[in-house]
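One structure below.
Residue numbers (our numbering), protein chains in the order written: chain A, 144 to 306; chain B, 37 to 470.
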């Protein structure tokens, strides 16, 4: 497939922007549908954490847990989101790091800034992201998404916002 | 109003949760007096290893000295008072102050002062305890759990722990090698609420069905056929277990309380409930390793202990089934830090440690679908207690229905009792009026 050899970075950027928009719009089911059937979603506590299995994480969800997490966000009795947070995020510095020809995946790095407002408090999250994307006939599927917050090992308050 | 009027048999005055003066008195009368959990010996396995934390908001460092002993020092230079050790943990030959380079051994002894000329007429000399890093007055250890007290006199650690020491035994005995180690990093979070709330909540069988309704329902509706690498398996089970019916909490969960505010939820831990452990090949390997090390009978006895969260008041809450420990650090009257530690059972299959990590991600991680609803509840208690409409907070459930135990403890009517809260306030009053 030609696009695996020479992917158009603008298409990848557009995919990341659309993903960010879904999260800001709280279209969580649509966001979940971007992930593959065995996709993973990972927010490590330390930037150099090399796996989610022997070290604690802020979030490590396999497909099953990610579905449950999203279903909870849609549940009306979620106290931690009453009132719900509003968010606005900017994605930038999108770079195609690697094309894994064997697996057919693209390894994409990017940076983000996310402002969250809930109740009476505004917070700023920032960091880097790593997307493992698999090209489909139309668009991409997220095989994995890793978010490194700049303050991931800091004393944080509860986070329900999807990063 | 006097301190002893703030606590009644079935309710407490809101000031115990939101009065800054009461909080300062707690630091002085409780946290500066009693035994405070500092860390576990496995965090400082070799000479020069150190771990920084605080006691009663004062920075301290736990370090392994050259002679093999674990020391706990106030983290303050004997010269101009700067905090000496700055990263949270690591290894060093000596502690060296950033300000003027005074250097200390791991027992706090002043080793060297750069440019010693000029001190001839003063008392400043290497080795003078007055210019060292001061050791905290008392340090004691129980099976690797290091506690310290800022008071030179008082209850001994064995007396302080009393029968609740058996919960530490429960944690350590589950290791085939008889040893556990802190591993897998620290999950930390901050909440806006009083430090007592988390202790009350961790042995509160009444709250999960209400507080955790969103994650319970989300987990109940989860399709089990969906792919999991183990994370979802553990997480979804725990969320569903939170939604156990009232009859379960009433009939199958118990609560026990002891002197000095300690307590545990029992009869809950069951290896078939939260992990499919009994059907897991790694658990079979673990069982074999335990029987090889301890014999059949002793293994049955160890694994037959069914405790859930144990609170050792006023600093830690821990549980053996998934080898978790939370350290609660009061910051101000309405701000509390929580550190989540994981333990690895030495000699057990590594898969069990991976389950420990999976469980920590669900219960202790700051973005957990479970914990975040607890934190919201603490914040709402903080706001609710600012009202003048009612000064009192109830802890009445199960009152008058406790029974005395042979070991001096009290057994609650069932797992929905608020005995553990009343028991903590018995201890609280004792400390605060002393």
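Glycine included, C-beta positions come from ideal geometry on N, C-alpha and C.
No experiment lies behind these values; they were computed from the predicted model shown.
According to DSSP, residues forming a beta bridge with residue i
i: residue 177/B; result: 182/B
i: residue 44/B; result: None; residue 44/B has no bridge partner.
i: residue 274/A; result: 251/A and 288/A
i: residue 455/B; result: Note: residue 455/B sits in no beta bridge, so no partner.
i: residue 225/B; result: 299/A and 374/B
i: residue 90/B; result: 95/B
Closest Cα partner of residue i within the set the options
i: residue 44/B; options: 432/B, 445/B and 452/B; result: 432/B
i: residue 291/B; options: 340/B, 236/B and 246/B; result: 236/B
i: residue 370/B; options: 250/B, 384/B and 226/B; result: 226/B
i: residue 151/B; options: 137/B, 38/B and 409/B; result: 137/B
i: residue 217/B; options: 465/B, 392/B, 403/B and 451/B; result: 392/B
i: residue 156/A; options: 218/A, 234/A and 291/A; result: 234/A
i: residue 231/B; options: 368/B, 465/B, 90/B and 100/B; result: 368/B
i: residue 163/B; options: 380/B, 180/B, 140/B and 265/B; result: 140/B
i: residue 201/B; options: 353/B, 320/B and 469/B; result: 353/B
i: residue 239/B; options: 402/B, 110/B and 299/B; result: 299/B
i: residue 193/B; options: 154/B, 147/B, 41/B and 296/B; result: 296/B
i: residue 62/B; options: 203/B, 281/B, 93/B and 408/B; result: 93/B
i: residue 221/A; options: 111/B, 254/B and 67/B; result: 254/B
i: residue 159/A; options: 239/A, 203/A and 267/A; result: 239/A
i: residue 47/B; options: 324/B, 459/B and 428/B; result: 428/B
i: residue 265/B; options: 360/B, 394/B, 340/B and 178/B; result: 394/B
Neighbourhood of residue i by C-beta, 6 angstroms cutoff - its chain only, sequence neighbours within 5 removed
i: residue 144/A; result: Its pLDDT being 45, under 50, residue 144/A is placed unreliably in this model, and the value from its coordinates should be taken loosely. The answer is none, since no qualifying residue turns up.
i: residue 439/B; result: 447
i: residue 411/B; result: 227
i: residue 146/A; result: Caution applies to residue 146/A, whose pLDDT of 47 falls short of 50 and renders its modelled position unreliable; the value that the coordinates give is listed next. These residues qualify, in order along the chain: 278.
i: residue 305/A; result: 166
i: residue 285/B; result: 241, 451 and 452
i: residue 131/B; result: 120, 121 and 140
i: residue 180/B; result: 76 and 77
Beta-carbon gap between residue i and residue j smaller than 7 angstroms
i: residue 220/B; j: residue 88/B; result: no
i: residue 77/B; j: residue 96/B; result: no
i: residue 183/B; j: residue 73/B; result: yes
i: residue 315/A; j: residue 250/A; result: Because chain A is modelled from 144 through 306, residue 315/A falls outside the range shown and cannot be assessed.
i: residue 185/B; j: residue 174/B; result: yes
i: residue 474/B; j: residue 133/B; result: The requested residue 474/B is not part of the displayed model; chain B covers only 37 to 470.
i: residue 256/B; j: residue 276/B; result: yes
i: residue 210/B; j: residue 318/B; result: no
i: residue 242/B; j: residue 435/B; result: no
i: residue 362/B; j: residue 373/B; result: no
i: residue 171/B; j: residue 144/B; result: yes
i: residue 437/B; j: residue 454/B; result: no
i: residue 286/A; j: residue 241/A; result: no
i: residue 398/B; j: residue 271/B; result: yes
i: residue 301/A; j: residue 223/A; result: yes
i: residue 406/B; j: residue 187/B; result: no
i: residue 208/A; j: residue 279/B; result: no
Beta-carbon contacts of residue i that lie in its chain and below 8 angstroms, excluding the five residues immediately before and after
i: residue 180/A; result: 206
i: residue 192/A; result: 198 and 200
i: residue 227/A; result: 169 and 261
i: residue 54/B; result: 230, 369, 370, 418, 421 and 422
i: residue 37/B; result: 49 and 51
i: residue 203/B; result: 300, 343, 346, 348, 354 and 356
i: residue 338/B; result: 206, 209, 210, 326 and 330
Partners in chain A for residue i, counting only beta-carbon separations shorter than 8 angstroms
i: residue 264/B; result: 205, 206, 207 and 208
i: residue 226/B; result: 298, 299 and 300
i: residue 389/B; result: 197
i: residue 272/B; result: 207, 208 and 211
i: residue 156/B; result: Going along chain A, no residue has its Cβ under 8 angstroms from residue 156/B, so there is no contact; the nearest lies around 46 angstroms.
Amino acids of chain B, ordered along the chain, whose beta-carbon sits closer than 7 angstroms to that of residue i
i: residue 200/A; result: 397 and 401
i: residue 181/A; result: 263
i: residue 229/A; result: Near residue 229/A there are no residues of chain B at all, since even the closest Cβ is about 17 angstroms away, more than 7 angstroms.
i: residue 273/A; result: Neighbours of residue 273/A on chain B: none; closest Cβ ~18 angstroms, over 7 angstroms.
i: residue 212/A; result: 405
i: residue 215/A; result: 250, 251, 254 and 405
Per-residue contacts from residue i into chain B (C-beta, under 8 angstroms)
i: residue 220/A; result: 249, 250 and 253
Interface residues of chain B facing residue i [CB-CB closer than 9 angstroms]
i: residue 285/A; result: In chain order: nothing, as chain B lies at least about 14 angstroms away.
Neighbouring residues, chain A, relative to residue i (Cβ below 7 angstroms)
i: residue 267/B; result: 203, 204, 205 and 208
i: residue 221/B; result: 188, 189, 198 and 199
i: residue 393/B; result: 196, 197, 198 and 199
Proximal residues of chain A, C-beta to C-beta of residue i below 9 angstroms
i: residue 23/B; result: This structure cannot speak to residue 23/B, because chain B is shown only from 37 to 470.
Contacting residues, own chain, Cβ-Cβ under 7 angstroms from residue i (five flanking each side not counted)
i: residue 126/B; result: 86
i: residue 160/B; result: 149 and 167
i: residue 469/B; result: 39 and 40
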